[in-house]
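Student: Chain order of the listed sequences is A, B, C, D, E, F, G and H.
Residues 0 to 245 in numbering that gives the first Met the number 0 are what the first sequence spells out, letter by letter.
Residues 0 to 245 in numbering that gives the first Met the number 0 are what the second sequence spells out, letter by letter.
Residues 0 to 245 in numbering that gives the first Met the number 0 are what the third sequence spells out, letter by letter.
Residues 0 to 245 in numbering that gives the first Met the number 0 are what the fourth sequence spells out, letter by letter.
Residues 0 to 245 in numbering that gives the first Met the number 0 are what the fifth sequence spells out, letter by letter.
Residues 0 to 245 in numbering that gives the first Met the number 0 are what the sixth sequence spells out, letter by letter.
Residues 0 to 245 in numbering that gives the first Met the number 0 are what the seventh sequence spells out, letter by letter.
Residues 0 to 245 in numbering that gives the first Met the number 0 are what the eighth sequence spells out, letter by letter.
Yeah, the Cβ is synthetic: ideal placement off N, Cα and C, and Gly gets one too.
From a predicted model like this one, the values you see are computed outputs, not experimental measurements.
Protein chains: 8
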Amino acid sequence: MREDGLRELLAAVAEGELSLDAACERLRELPYADLGSAKLDLHRELRSGAPEAIFARGKSDRDLAAIVARMIDDAGRVLVTRVTPEQATLLSARHQGADYDDVARVWSVGRFDAGDWCLGLLSAGTADLPVAEEAAVCGAWLGAKVDRHYDVGIAGVHRLLDRLAEIRRASVLIVAAGMDGALPTLVAGLVAAPVIAVPTSVGYGASFDGLAALLTMLNACSPGVAVVNIDNGYGAASLAHRIQGC
Amino acid sequence: MREDGLRELLAAVAEGELSLDAACERLRELPYADLGSAKLDLHRELRSGAPEAIFARGKSDRDLAAIVARMIDDAGRVLVTRVTPEQATLLSARHQGADYDDVARVWSVGRFDAGDWCLGLLSAGTADLPVAEEAAVCGAWLGAKVDRHYDVGIAGVHRLLDRLAEIRRASVLIVAAGMDGALPTLVAGLVAAPVIAVPTSVGYGASFDGLAALLTMLNACSPGVAVVNIDNGYGAASLAHRIQGC
Amino acid sequence: MREDGLRELLAAVAEGELSLDAACERLRELPYADLGSAKLDLHRELRSGAPEAIFARGKSDRDLAAIVARMIDDAGRVLVTRVTPEQATLLSARHQGADYDDVARVWSVGRFDAGDWCLGLLSAGTADLPVAEEAAVCGAWLGAKVDRHYDVGIAGVHRLLDRLAEIRRASVLIVAAGMDGALPTLVAGLVAAPVIAVPTSVGYGASFDGLAALLTMLNACSPGVAVVNIDNGYGAASLAHRIQGC
Amino acid sequence: MREDGLRELLAAVAEGELSLDAACERLRELPYADLGSAKLDLHRELRSGAPEAIFARGKSDRDLAAIVARMIDDAGRVLVTRVTPEQATLLSARHQGADYDDVARVWSVGRFDAGDWCLGLLSAGTADLPVAEEAAVCGAWLGAKVDRHYDVGIAGVHRLLDRLAEIRRASVLIVAAGMDGALPTLVAGLVAAPVIAVPTSVGYGASFDGLAALLTMLNACSPGVAVVNIDNGYGAASLAHRIQGC
Amino acid sequence: MREDGLRELLAAVAEGELSLDAACERLRELPYADLGSAKLDLHRELRSGAPEAIFARGKSDRDLAAIVARMIDDAGRVLVTRVTPEQATLLSARHQGADYDDVARVWSVGRFDAGDWCLGLLSAGTADLPVAEEAAVCGAWLGAKVDRHYDVGIAGVHRLLDRLAEIRRASVLIVAAGMDGALPTLVAGLVAAPVIAVPTSVGYGASFDGLAALLTMLNACSPGVAVVNIDNGYGAASLAHRIQGC
Amino acid sequence: MREDGLRELLAAVAEGELSLDAACERLRELPYADLGSAKLDLHRELRSGAPEAIFARGKSDRDLAAIVARMIDDAGRVLVTRVTPEQATLLSARHQGADYDDVARVWSVGRFDAGDWCLGLLSAGTADLPVAEEAAVCGAWLGAKVDRHYDVGIAGVHRLLDRLAEIRRASVLIVAAGMDGALPTLVAGLVAAPVIAVPTSVGYGASFDGLAALLTMLNACSPGVAVVNIDNGYGAASLAHRIQGC
Amino acid sequence: MREDGLRELLAAVAEGELSLDAACERLRELPYADLGSAKLDLHRELRSGAPEAIFARGKSDRDLAAIVARMIDDAGRVLVTRVTPEQATLLSARHQGADYDDVARVWSVGRFDAGDWCLGLLSAGTADLPVAEEAAVCGAWLGAKVDRHYDVGIAGVHRLLDRLAEIRRASVLIVAAGMDGALPTLVAGLVAAPVIAVPTSVGYGASFDGLAALLTMLNACSPGVAVVNIDNGYGAASLAHRIQGC
Amino acid sequence: MREDGLRELLAAVAEGELSLDAACERLRELPYADLGSAKLDLHRELRSGAPEAIFARGKSDRDLAAIVARMIDDAGRVLVTRVTPEQATLLSARHQGADYDDVARVWSVGRFDAGDWCLGLLSAGTADLPVAEEAAVCGAWLGAKVDRHYDVGIAGVHRLLDRLAEIRRASVLIVAAGMDGALPTLVAGLVAAPVIAVPTSVGYGASFDGLAALLTMLNACSPGVAVVNIDNGYGAASLAHRIQGC
């Protein structure tokens, strides 16, 4: 709102439709709700196309509950990530119609209207599932039709090649991989859609908690690979949502 | 071609329209041209929407000339990155209608038809220009209308805010930044378009040749930021091209 | 005392006011109290403007109690950081008028006289609170009037801009941020006061326990940013105290 | 200007003293000068107390000359860092009354009025001189009286102790050290002034171009140490200037 | 199967022996079994000489049981690594003739026929045993006769020299070492067989969880050293199996 | 010789066939030639199957010439790696029948008898050629028939798949790859032969001079991948030679 | 024994005093006791001046008990490090006259005769005590008279200077320090004795578990500093023992 | 002088033998010579047993000449390291009886009287020579008899074992090694003398300029290994000198 509305705001002030104090107040009050230690960015949806998601880890029960309630009041929907089963139980007791996925660790109320875009989700191994599912569930909440293709890593490349036609139907692809993190390069060489690579902290020894996969993806030989943070399934889904909307 | 055409190829063989030897030969011969030490991926455009770009650094004059000639023969256009002025002179002597940009270090013949998409290019400082211009020139070659907003880093945030309305007109944004690499986070919080963050190796001391900026971007607090490799302007443009086409 | 008093000490010896043995003894005895495994630096306040704070983590109950008691005996006040609730209970049972803040994890008796300086505390997110509060509570103990502005990270830059006038009232600013650590750069570009940046270990994946934020802050594009160790709220407050006193 | 003047600007618009277009224009035009690839932040001095310094490395002669000329036109003074002798010759030919220090690699025209503050400059070894001198020359330009104490590293601690009384006269201290980077800890334990630690890339082997010294300083056992980037003498001086002004 | 059989498949289609749909189906169906979140690579043995091993860590009981059962159904044997005692009890209750080694943490049913090759297993210390035993047990399952020589690190080089004649009898050697990781270099200088070096995460301080040993091995002064991932005993055995079969 | 011959040596001493002094002398003199600063390991071939290769980089002309001459005198053949054209000219002037390959940077006299083993050499890109050719030329010198398959990286996976039948003919494979280093994983999933992965320092930005490729290879999802040091083509060939001989 | 006794062994064989088989057997049997998974290096004391110490961490109760018993049988004394209280209770129940120090985590039986050397132990803070005490207790076991000077870090340098005369009495110094690790540099500049620096994993944030202190010590500006591994108190004592004996 | 002489100085003042001003002056003037940017630590020899060595790299000709002249004036001897041939020519023209070693890059005048200690110098390869020779030449200057054993790395362990008797004659050993850095561990397991390990930056790829060797040495399985900085031959010699004197 801030910039786009500035001229209008000035115009309203110039024409006397808005008092000086009201204008200042509006500039201050509108964009967020101040809950003390948190300032909810209620207008993020207007600015950047998707509302602020809530990251549950490390939040006290009281703070979490207050934030979630305020978001639902304001927008009628909310997406919360990294939610423990205990946190989910607490929240579900207070809000009707909530969904909780314990693999993806995502709790939500409401969702975006289903769009006409298809989000393809690939994982290299079965151990990448929690991250891939976080991306899948968040993507679905943001309106995507989600196609899953799991355990198609390049150690057995035929598993991927056999599904290529289906994979090519997606308008955006999210590829989660740990260990050597090589799957996104291969995929990006076979499809025309943008590929969002999510390194996972899966592996042991010199995988260094996802660093090896992260470096692999940044150095992908195929152009057209977008990299997000290690284990950041939500970030990948959010990027996919931006991409389909552009 | 490989997967999509497999059924058709099989059908042609089954119907006797294609001999067995011819089918095997076609599977082998079609997708690339074998120049000895290089195998040009001529069908990458069919598979992934953009032709293979040539990375000039470290290639001998003879190899570079041969590869470029073959690409032009095959596709009528070619994009070559990291081209020294000497290499550019060599290539331009052999091909008519070539373009060379010595800031972006990009040499090209032909280009994609202009599309109806706008690529916004932002840089945090003036030292990020070579990387930003590589992205800009490659983006233009791939059909984008390119809007440049340089030297709008967050140390003087008003320079960015004043241009926000223009920046919001772009369908995809590429943001190049070195040193603290903080600009993409700020931009992604203000616009709805996908933001492609390119860390640059600009800075000194603990910037560690772009590592600091890279980590900043991967940890961007705003969702919707796609990260590519350090100084990889071409990769950013290529990703933007995929995104607008999805 | 060591250097400043040397001439006076020598003078006293020369004039026979102080015996040789007494002089040597005084040189040895004065500056600290030897508790066996700990040597309390009682004169640090004289030398460096603030008394030695006690870092409670890893200390045995007996050692901690002895050190705290000795400091209170000597100076009438003490500041203890990283105090668990159990340690706090133990200490509070032995000393009257103690304060304990379980978010900041700070226990104290007494404090500095309130000064006429204002310490501004900013945090990028709510997860940075424990570190920010450690800085805030220590700053208040050192005599500052503390203004808090939490959850004003650059992903929603309007939350910061709306509070800019208040923020500018502080004579020193402490900015705690994890993840991309970009907030101090932005703040330092908007205010004239010195900005003390505290990276926090908040984040996941490639934040590497605060390393990403640390590097961002060291590479801040705005000059005038002072960086302290990861999660070191006390160090930031102590630096702020020095700065206001210079 | 942005925030502080917003209410005044709005008031002027409300009272009809300023047209809507003029207001928008002023918001856009005032704070910087657009030189194409560079946007000079002319109002940084108003916002943050010191004008934008120019970093000469990597700039073309033409760009550098244009930026310097514009800064002098606007403010009557300019500070340029990391200037090669060739660049200095070029600039000095165009501007009268310029100063160039080839150890500090700093070129300047004009300067701040001399203040009443004393900046103490310490270096651990003689090899740290270029960094220490960059800090010293920039500090003097910003109005400080500069006291130098070089080659006082802790391998021969008496060299430092003998100068302690003088060192204590400074209101702010900048301590440059490479190799083990231990000097700032020692100094901060002996003085009450804030200590700005500048790691230098001096050393060999496991000094890793200043990383070892940087880590030492971040982990300084004495509180009250502010760390800036490796070799960043200008940043240290700029921070010192902010500190004395707070 | 994919490539080798392609010509035969095409031939069968051309001669009408295989319908088009059947050919496509066979291409899709043959190589793996789709268990939902896992796609078992049943033909890996045909392609790469050894069946896919199952990595138990992080798998749910249900998924693990299903995968193991499917592998036994298909191949009559299975090798599972990183199996906890609880997982082993669960699996052994469902399958007869199972073996479980709680040092190696390996569970298996069936095994390869004993070959005529000898695998020499060396460890530098006793703490490397779990990794060395994982390699030994997996090697035995793959048909090797295994000779163990443990605790023969170079701090007491006579322990190794005294056993040299026996060590030389092995056709392939696996050498597990943590801390300084120097044993493989020494061994490779004394024998003609290929040496597979496995860094272990044994050590403390600057061993950095095996990184020091890994770097030592990669820099081995003796040529002929093959390095695998930290603690990856199974990978070493699998590589040994490939080597003896070539 | 040391260990194997010990019993024989002792027997000869016991039977009076060898004097005590002669025995001691023989133990000292046999295994190497002492050239002052170098001690040529003349018996390495007996112990480990291949003679010591000479690493030319950093050696003075005089030392290099002396070492090469001594090796040729002793064994009739020598392999020298990382040889500059100048060094090659110097050496070739002194020895007849020498070979020099300026891409591989390998100089040699004589060679092993051709064996009946086939070494497959793959590279991901054309920039990996110098490393791949070092491996190829050294492999040929050690008796291998060498098959080259260059520029078959996974960004265009059909280039690899089309050559799979030929690739499978090799008894050992060396795969050189920089950037994302993903090719060895893919290859190891498709063939039964051991795969020696050589990371190359090809790439830019976050490839960190081959570190990214190295980590990828260590974390290869396909078992049976042996990793050697970055750019170490000779080491890979030497390992291949050991493997085929086991 | 190996090398020194070789000539004597050969002589005994030559003179018929020792049979061939007996000689071979002796070469094999003497230097260590084979307990299955462990090979005790019983002659290390002859070779390197001190017996092998036992590292208890990660050893099973059964293995630990067997190793300790064998060492006591053979040498009449043993030193065991990193011993938990549970392990200590177990061992003390089996052996009379045992000592256990629960701060140093060292268990021992017997000890070296008291030598005439003095080992000075310094620690920077109280949190370094466990490491410093491991060094102190091991040093005492190896015959040293131990002088302790704890909590003398450079943040309060007078604590060190006041004790300098005593510190100079030691023939070898061990200095344990975490955080900035600067104490050894200072000490080495003030004394003539060799200084063994032990980085400790004490600190938080950017101390990176002792890495910062390790780098500081390796880069010590004072020559004459010997560095050992992080937290390796035993290694420091063992090095001190070697030094005093040379 | 500082501490030891304090009592005497005080006594002299107390007895009126020394005026107050003279005492202060003496405290300030004695220990070093102030040459402007350098403060020569002339009394280091009294404090720490060896005079300050001069590190020539990066010093201007004028500064270097002044420092060297002052040291010779004061002590009659000087040791200068990392001296280029040009610097050596310059210095030798001004001082008689100078020595310069162009492999060790050491220039000196005078030296310590020959002591009765033997310094053993080992290197793993010929490429480690410059570092080993710096240690050897500095050791000889400090009075040692130096025994050299070069190119005795563990890839051909018999080269070391054959020289063991000689190596054991040294009272202190310096072992220089790059690449895998494994030699010091092996040596420390075979001798009783203290072993000073110097990692060298020799190697390529994952040796990371000596980091791999450094980590190996810090993790040496044999106790009694002292580690110094990468390539720091002078530091090793200086430590050896301290050790023999203790």
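1. Taking C-beta pairs closer than 7 Å, name the residues in chain F that B/G209 reaches, listed in chain order.
2. For a quick check, are the C-beta atoms of D/I153 and D/L185 less than 8 Å apart?
3. Identify which residue in D/A68, D/D146, D/A92, D/L128 has its Cα closest to the Cα of D/A169.
4. Kindly say whether B/I242, judged by its beta-carbon, lies nearer than 8 Å to any beta-carbon of chain F.
5. Do D/S200 and D/D208 have their CB atoms nearer than 8 Å?
6. For D/T125, count neighbouring C-beta atoms within 10 Å of its own C-beta (all shown protein chains included) and say buried if the count is 16 or more, exposed if not.
7. Ignore the nearest five residues each way along the sequence and tell me which others in F/G48's own chain have a CB closer than 8 Å to its CB.
8. For a test of the three-state rule: what should DSSP assign to D/S237, helix, strand or coil?
9. Flag D/L213 as yes if its beta-carbon sits less than 8 Å from any beta-carbon of chain B, otherwise no.
10. Give me the DSSP bridge partner(s) of A/R61.
11. Between which two residues does the beta strand (DSSP E) containing D/R147 stretch?
12. State yes or no: is the C-beta of D/V150 within less than 8 Å of the C-beta of H/K38?
13. Of the residues E/S107, E/G142, E/G138, E/A87, which one's Cα is nearest the Cα of E/G114?
14. Whose C-alpha, out of F/L120, F/L182, F/W116, is nearest the C-alpha of F/G232?
15. By how many angstroms is the C-alpha of A/V194 removed from the C-alpha of A/L172?
16. Are the C-beta atoms of D/I195 and some chain B residue less than 8 Å apart?
17. What does the alpha-carbon distance come out to for the pair F/R93 and H/G155?
18. For A/V226, count neighbouring Cβ atoms within 10 angstroms of its own Cβ and tell me buried if that reaches 16, exposed if not.
19. Between the segment 214–226 of chain G and chain D, which residues of the former have a C-beta closer than 9 Å to a C-beta of the latter?
20. Just to confirm my understanding: we take F/I71, look at its own chain, exclude 5 residues before and 5 after, and list those with CB closer than 6 Å. What are they?
21. Residues of chain B with CB under 7 Å from C/V130, in chain order?
22. Helix, strand or coil for B/R27 per DSSP?
23. Tell me, please, whether the CB atom of C/A192 is closer than 8 Å to any CB atom in chain D?
24. What is the residue span of the beta strand (DSSP E) that C/L78 lies within?
25. How big is the Cα-Cα spacing for H/R81 and C/A211?
26. Rounded to the nearest angstrom, what separates E/G180 and E/G223 at their Cα positions?
27. Taking Cβ-Cβ distances shorter than 7 Å, what residues in chain B pair up with D/G57?
Tutor: From the atom records:
1. One-based indexing of the second sequence puts residue 209 of chain B at position 210. The contacting residues are G204.
2. In the fourth sequence, counting from the first residue as 1, residue 153 of chain D sits at position 154. In the fourth sequence, counting from the first residue as 1, residue 185 of chain D sits at position 186. A contact, by the Cβ cut-off of 8 Å.
3. Numbered from 1 along the fourth sequence, position 170 holds the residue referred to as residue 169 of chain D. Looking at the Cα atoms, D/D146 is the closest of the given residues.
4. Along the second sequence, one-based indexing puts residue 242 of chain B at 243. Chain F contact via Cβ: absent.
5. Sequence index remark: in the fourth sequence, residue 200 of chain D carries index 201 (1-based). Sequence index remark: in the fourth sequence, residue 208 of chain D carries index 209 (1-based). Closer than 8 Å, so yes.
6. Here residue 125 of chain D corresponds to residue number 126 of the fourth sequence, with the count starting at 1. Looking at its Cβ environment, which holds 16 or more other Cβ atoms inside 10 Å, D/T125 is buried.
7. Translated into positions along the sixth sequence, residue 48 of chain F becomes position 49. If you ignore the 5 residues before and after F/G48, its C-beta comes within less than 8 Å of the C-beta of H240, R241, G244, all in its own chain and listed in chain order.
8. Start at 1 with the first residue of the fourth sequence, and residue 237 of chain D comes out as number 238. If DSSP states are grouped into helix, strand and coil, D/S237 belongs with the helices.
9. Here residue 213 of chain D refers to the residue found at position 214 when the fourth sequence is read from its first residue. Yes, D/L213 counts as interfacial toward chain B.
10. The residue given as residue 61 of chain A occupies position 62 in the first sequence. Paired residues: none, contrary to the question.
11. Start at 1 with the first residue of the fourth sequence, and residue 147 of chain D comes out as number 148. Element bounds for D/R147: 144–148.
12. Taking the first residue of the fourth sequence as position 1, residue 150 of chain D is located at position 151. Taking the first residue of the eighth sequence as position 1, residue 38 of chain H is located at position 39. For clarity, residue 150 of chain D is Asp in the given sequence; the question names Val instead. Yes, the pair counts as a contact, with Cβ atoms nearer than the cut-off.
13. Here residue 114 of chain E is taken as the residue at index 115 of the fifth sequence, counted from 1. Here the closest residue by C-alpha is E/G142.
14. Looking up residue 232 of chain F in the sixth sequence gives position 233. It is F/L120 whose Cα lies nearest to the Cα of F/G232.
15. Here residue 172 of chain A corresponds to residue number 173 of the first sequence, with the count starting at 1. Here residue 194 of chain A corresponds to residue number 195 of the first sequence, with the count starting at 1. Each residue's alpha carbon lies about 5 Å from the other.
16. Taking the fourth sequence and counting its residues from 1, the one referred to as residue 195 of chain D is at position 196. Not closer than 8 Å to any Cβ of chain B, the Cβ of D/I195 fails to qualify, so no.
17. For the purposes of this step, residue 93 of chain F is taken as residue 94 along the sixth sequence, with counting starting at 1. For the purposes of this step, residue 155 of chain H is taken as residue 156 along the eighth sequence, with counting starting at 1. If you take the alpha carbons of F/R93 and H/G155, they lie about 28 Å apart.
18. Along the first sequence, one-based indexing puts residue 226 of chain A at 227. Counting Cβ neighbours within 10 Å, A/V226 comes out buried, since at least 16 surround it.
19. L214, T215, M216, L217, N218, A219, C220, S221, P222
20. Here residue 71 of chain F refers to the residue found at position 72 of the sixth sequence. Contacts found: V77, V108.
21. Working through the third sequence from its first residue, we reach residue 130 of chain C at position 131. Within chain B, no residue comes near C/V130; the closest Cβ sits about 16 Å away, beyond 7 Å.
22. Within the second sequence, the letter at position 28 stands for residue 27 of chain B. Because the pLDDT at B/R27 is just 45, under 50, the model does not fix this residue reliably, and the value given afterwards should be weighed accordingly. It is helical.
23. In the third sequence, counting from the first residue as 1, residue 192 of chain C sits at position 193. Yes, C/A192 lies at the interface with chain D (some Cβ there is under 8 Å from its Cβ).
24. Counting from one through the third sequence, the residue named residue 78 of chain C turns up at place 79. Start and end: 77–80.
25. The residue labelled residue 81 of chain H in the question sits at position 82 within the eighth sequence. The residue labelled residue 211 of chain C in the question sits at position 212 within the third sequence. The alpha-carbon atoms of H/R81 and C/A211 are separated by roughly 36 Å.
26. For this step, residue 180 of chain E is matched to residue 181 along the fifth sequence. For this step, residue 223 of chain E is matched to residue 224 along the fifth sequence. Using only the alpha carbons, I get a separation of about 16 Å.
27. Sequence index remark: in the fourth sequence, residue 57 of chain D carries index 58 (1-based). Per Cβ cutoff of 7 Å: A126.
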